[in-house]
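Numbering (this note's numbering), first residue to last: 17 to 213. Backbone N, C-alpha and C fix where the C-beta goes; we use that ideal spot for every residue, glycine too. In this text the structure is predicted, and so the values were computed from the model without any measurement. To start, the structure itself, in structure tokens.
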Amino acid sequence: MTDTLSDSDLDLIFREARSMNGWQDREVTEEQIHAIYELAKMGPTSANQQPGRFVWCKSKQSKERLAKCASEGNQDKILTAPVCVIIGYDLDFHEHLPWLFPHTDAKSWFEGDEEGRREHAFRNSALQGAYLMLAARSLGLDCGPMSGFDQDATTKEFFADQPRYRADWLCSIGYGDRTTIFERSPRPDFDRFNQLI
Numbered sequence: 017m018t019d020t021l022s023d024s025d026l027d028l029i030f031r032e033a034r035s036m037n038g039w040q041d042r043e044v045t046e047e048q049i050h051a052i053y054e055l056a057k058m059g060p061t062s063a064n065q066q067p068g069r070f071v072w073c074k075s076k077q078s079k080e081r082l083a084k085c086a087s088e089g090n091q092d093k094i095l096t097a098p099v100c101v102i103i104g105y106d107l108d109f110h111e112h113l114p115w116l117f118p119h120t121d122a123k124s125w126f127e128g129d130e131e132g133r134r135e136h137a138f139r140n141s142a143l144q145g146a147y148l149m150l151a152a153r154s155l156g157l158d159c160g161p162m163s164g165f166d167q168d169a170t171t172k173e174f175f176a177d178q179p180r181y182r183a184d185w186l187c188s189i190g191y192g193d194r195t196t197i198f199e200r201s202p203r204p205d206f207d208r209f210n211q212l213i
């Protein structure tokens, strides 16, 4: 095992990676989707909460259903992508803690604390979504994260059978068409938004 990733690896994941607006007509397979998840699930969450719940819209029908919940500017980004994943979270993630975090009675930390569970689920599922993007990029795929959609409508459409789940954001995944992206927006130097004390 090497101590650091190579420069080309870092380019792939960070420096040259871009948020894609359009997609090549190339499939993302079920095997690739499983491989993304198998990497992403290894990222840390608080007390191994694993509150993220993911719906991978791969079929034409599922992407059409999702696009109806999205802003006009995001509909094509969903429809033309090989797959678009809904990143959601489970407000009752604590019910799974006895097997996910068996070292102590972590479930009891969250019982009766709906607002605390919401805060933890929101934070840790967002981390899981970020891990998912890094995993996809590591496997040679591009990502197009989106927040321009109706969360309530998406929750109702895709999580109707799981009333404690909530949709949070979307991410299209595939092989990006670089002719559809803008010049990279500025990234601040360290001193602008950091303190080292």
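- Between the CA atoms of residue 173 and residue 81 - distance to the nearest angstrom: Linking residue 81 to residue 173 through their CA atoms gives a straight-line distance of about 8 Å.
- Between 57, 156, 71, which lies nearest to residue 191 when the distance is taken from Cα to Cα? 156
- Along the chain, which unbroken stretches of the beta strand (DSSP E) at least 3 residues long are found entirely within the region 81-136? 99-106
- Message: Is residue 205 near the ligand NAD - that is, is its Cβ less than 6 Å away from at least one heavy atom of it?
- Response: Ligands are entirely absent from the displayed structure, and the ligand NAD is therefore not among its contents.
- Item | With 16 other Cβ atoms within 10 Å as the buried cut-off, status of residue 179 | exposed
- Message: Using a Cβ-Cβ cutoff of less than 6 Å, which residues in the same chain neighbour residue 101 once the five nearest sequence positions on both sides are dropped?
- Response: 70, 72, 187
- Task: Can you say whether residue 115 is buried or exposed, counting buried as having 16 or more other CB atoms within 10 angstroms of its CB?
- Result: The C-beta of residue 115 has fewer than 16 other C-beta atoms within 10 Å across all chains shown, which makes the residue exposed.
- Message: As a quick exercise: from 212, 62, 165, 171, pick the residue whose alpha carbon is nearest that of residue 135.
- Response: 62
- Query: The alpha helix (DSSP H) spanning residue 186 covers which residue range?
  - Reply: Premise fails: residue 186 lies in the beta strand (DSSP E), 181-190, not in any alpha helix (DSSP H).
- Query: For the beta strand (DSSP E) that residue 23 lies in, which residues bound it at each end?
  - Reply: Segment 23-26 is the alpha helix (DSSP H) holding residue 23; no beta strand (DSSP E) there.
- Message: In the DSSP output, which residue or residues are listed as bridge partners for residue 35?
- Response: 159
- Return the chain-ordered list of same chain residues with a C-beta closer than 6 Å to the C-beta of residue 98, the five sequence neighbours on each side being excluded. 43, 44, 190
- Minimum C-alpha distance to residue 95 - residue among 205, 38, 30: 38
- Message: I need the straight-line Cα distance from residue 103 to residue 212, nearest angstrom please.
- Response: Straight-line Cα distance between these residues: approximately 33 Å.
- Measure from the alpha carbon of residue 32 to the alpha carbon of each residue in 120, 93, 169, 153, then state which is nearest. 153
- Could you please give the first and the last residue of the uninterrupted alpha helix (DSSP H) stretch that includes residue 198? Unbroken run through residue 198: none, as it is neither H nor E.
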